[in-house]
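First residue of the sequence shown: 437, per the numbering used here; consecutive thereafter. Think of the CB as a built atom: it goes at the ideal place given N, C-alpha and C, for glycine as much as any other residue. Predicted, not measured: the structure shown is a model, and the values here were computed from it. Everything on this sheet refers to the single structure shown next.
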Amino acid sequence: MAFFLPNSIKSYFMPLNLERVALVGRTYNEYKRMFNITKEYLEGKKTLDVAAGVSNFCAIGNVMGLDITAVDPIYHLMADEIEVQAENDLELVMNQLPVNSSNYNWDFYGDIEGVRVSRVKAYQTFLKHYQAHPKKYVPGEIGKLPFKDKAFDTTLVSHLMFLYDHMFSAEDHIAMFRELIRVTKNEIMIFPTKNLSGENCKWVDLIIQNHEFLDHTFRLEKSHFEFQKGNYLRLRVTV
437 MAFFLPNSIK SYFMPLNLER VALVGRTYNE YKRMFNITKE YLEGKKTLDV
487 AAGVSNFCAI GNVMGLDITA VDPIYHLMAD EIEVQAENDL ELVMNQLPVN
537 SSNYNWDFYG DIEGVRVSRV KAYQTFLKHY QAHPKKYVPG EIGKLPFKDK
587 AFDTTLVSHL MFLYDHMFSA EDHIAMFREL IRVTKNEIMI FPTKNLSGEN
637 CKWVDLIIQN HEFLDHTFRL EKSHFEFQKG NYLRLRVTV
């Protein structure tokens, strides 16, 4: 069965100009809203944050007593190297926000400066935890995750799959999703489901309809987070 997302906002979107995946972090509170999750939901579970970058979900969650592991290719770098890239990428994105401000819903952040404050908080908290607890941060690619089969109860993917569909092909997305299935016991959640241009990512239906994944249950659900206008759905998969 095909799932079609609203595409009415396509006509007025001016996308961010990004030639690679931006190293921009999100906070624990943003994760809660994106994935509609609570501390109680995560308790007693092994959770994997894929392509976590400099987000502080892993850091804050572990301080709260949760069992969260983060994986990202940048984790082979030293903290000071990551910090430089995070600062540079944040400036790249922030410089484009004023021109693109009409593309966004400002209820959560308040204004452009609120975005900066949130992003800086995310990567600074991440960096402290990254240095103090390096074993919680595993270097690895989403297409070849360095974990055993069914190692995690829940897997989250934020702002990579679907969003950067101009960088990753259909085959890339299938390979990524295959790996997510392999390492996850119970549930996978991916946010968001539109691309940087605010268009429906065609790879969503491709994955849902792929014969390889017919044994899994897919649901498109509204999250409690909408920064890019119209980009508020998450894909929830029962493994």
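Each residue's CA atom was taken as its position, placing T561 and I496 some 8 Å apart. DSSP places T561 in the helix class (H, G or I) of the three-state scheme.
Annotation: the segment 535 to 596 contains the following complete segments of the alpha helix (DSSP H) (minimum length 4 residues), in chain order: 548 to 568. Excluding five sequence positions before and after L484, the CB atoms of its chain that fall closer than 6 Å to its own CB belong to T505, F588 and T591, given in chain order.
Within the segment 452 to 508, complete beta strand (DSSP E) segments of at least 3 residues are found at 482 to 486 and 503 to 507, given in chain order. Rounded to the nearest whole angstrom, the CA to CA distance from G461 to H647 is 34 Å. For the set D508, T474, T463 and M500, the Cα lying nearest the Cα of G579 is the one of D508.
Your pair F544 and F661 checks out as a contact, with CB atoms roughly 7 Å apart and the cut at 8 Å. The C-beta distance from V490 to I518 rounds to 7 Å, short enough to fall under 8 Å. Excluding five sequence positions before and after I548, the CB atoms of its chain that fall closer than 6 Å to its own CB belong to L533, given in chain order. Looking at the DSSP output, N636 sits in a beta bridge with K630. In this model, M597 and V640 are separated by some 9 Å (Cα to Cα). About 21 Å separates the CB atoms of F627 and M500; that is not less than 8 Å, and the two are not in contact.
Per DSSP, the continuous beta strand (DSSP E) segment holding L671 begins and ends at L669 to T674. Apart from sequence neighbours up to five positions away, the residues of its chain that approach V619 with a beta-carbon distance below 8 Å are L484, L581, F583, K584, D585, K586, A587, F588 and T591, ordered along the chain. Contact between L642 and K658 does not hold, since the beta-carbon distance rounds to 22 Å and is not under 8 Å.
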